[in-house]
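K.L.:
My questions will all concern the structure given below.
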Amino acid sequence: MGRTTPKVEMTPDERLVLEARARAPTEKDTHEHRQALRAKIVLARAEGHDVAYVATHVGVGRRVVMRWLDRFVRDRLQGLEDRPRRGAPRRITDASINELLRRTREPTPAGARGWSRRTLARATGLSRSTVDRVLRAFGVATGPSPR
31 MGRTTPKVEM TPDERLVLEA RARAPTEKDT HEHRQALRAK IVLARAEGHD VAYVATHVGV
91 GRRVVMRWLD RFVRDRLQGL EDRPRRGAPR RITDASINEL LRRTREPTPA GARGWSRRTL
151 ARATGLSRST VDRVLRAFGV ATGPSPR
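In terms of the working numbering, the sequence shown opens at residue 31 and continues consecutively.
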């Protein structure tokens with residue numbers, strides 16, 4: 031015996047949000063693309079289509095359709111958002127990164143020809159390896175200033 035398919039009812043405001051998401055142009059494998067697929071699933075079911083039709087129409091499996099319908103019925107629009115992924119939480123904040131990048135644009139410390147990884151690490155309280163990783167990611171070079 032199969033699961034009961036959730037009945038999908040929505041407010042006019044929810045429908046407007048879902049229709050906008052479903053129509054939005056997206057690139058595959060992006061957050062917006064996933065949001066558009068989820069919106070299409072919920073809208074198709076709300077129009078009365080069965081799960082098999084919705085799955086075929088949207089190009090996903092029936093289990094995927096059921097997951098998003100269940101989450102929408104339980105949590106409404108918030109249920110269609112991505113949940114946090116596994117993995118260690120970030121240890122460096124955006125504020126720390128911004129502070130580091132801001133320092134690279136400031137005048138160099140007294141008596142120095144330029145910012146080094148070591149002086150930036152001391153000034154920001156970050157490790158040298160973290161400073162190096164962030165600067166590389168943003169394409170910022172350190173070292174002596176041209177004379």
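We put the CB at the ideal spot given by N, CA and C, even for glycine.
Identify which residue in G141, D100 and L107 has its Cα closest to the Cα of A66.
P.N.:
Comparing Cα positions, the closest option is L107.
K.L.:
Pairing CB atoms from the segment 140-154 with CB atoms from the segment 76-87, are three or more of them under 8 Å?
P.N.:
Contact between the segment 140-154 and the segment 76-87 is absent, because fewer than three Cβ pairs lie under 8 Å.
K.L.:
Tell me, to the nearest whole angstrom, how far the beta carbon of V88 is from that of K70; I am working on the premise that it is less than 8 Å.
P.N.:
Indeed they touch by this definition, with Cβ atoms about 5 Å apart.
K.L.:
Over what stretch of residues does the alpha helix (DSSP H) that includes W145 continue unbroken?
P.N.:
Run containing W145: none; DSSP gives neither H nor E here.
K.L.:
What do you reckon, are the CB atoms on T154 and L130 nearer than 8 Å?
P.N.:
A contact, by the Cβ cut-off of 8 Å.
K.L.:
Hey, how far is the Cα of T60 from the Cα of P114?
P.N.:
So the alpha carbons of these two residues sit roughly 15 Å apart.
K.L.:
Which of the three DSSP states, helix, strand or coil, is assigned to H63?
P.N.:
Residue state, collapsed to three classes: helix.
K.L.:
Indicate the three-state DSSP secondary structure (helix, strand or coil) for P42 in the structure shown.
P.N.:
The answer is helix: DSSP assigns P42 an H, G or I state.
K.L.:
Measure the C-alpha to C-alpha separation of A167 and R64 and round it to an integer number of angstroms.
P.N.:
Looking at the two C-alpha atoms, the distance is approximately 27 Å.
K.L.:
Relative to the C-alpha of L110, which candidate in R158, P55 and R51 has its C-alpha closest?
P.N.:
The residue with the shortest Cα to Cα distance from L110 is R51.
K.L.:
Alpha carbon to alpha carbon, what distance is there between V38 and V103?
P.N.:
Rounded to whole angstroms, V103 to V38 spans 7 Å at the Cα level.
K.L.:
In whole angstroms, what separates the C-alpha of T56 from that of A151?
P.N.:
Straight-line Cα distance between these residues: approximately 40 Å.
K.L.:
With a 10 Å radius around its C-beta and 16 neighbouring C-beta atoms as the bar for buried, classify T160 as buried or exposed.
P.N.:
Its Cβ being crowded by 16 or more others within 10 Å, T160 is buried.
K.L.:
With C-beta atoms as the reference, is L48 less than 8 Å away from V72?
P.N.:
Contact: yes.
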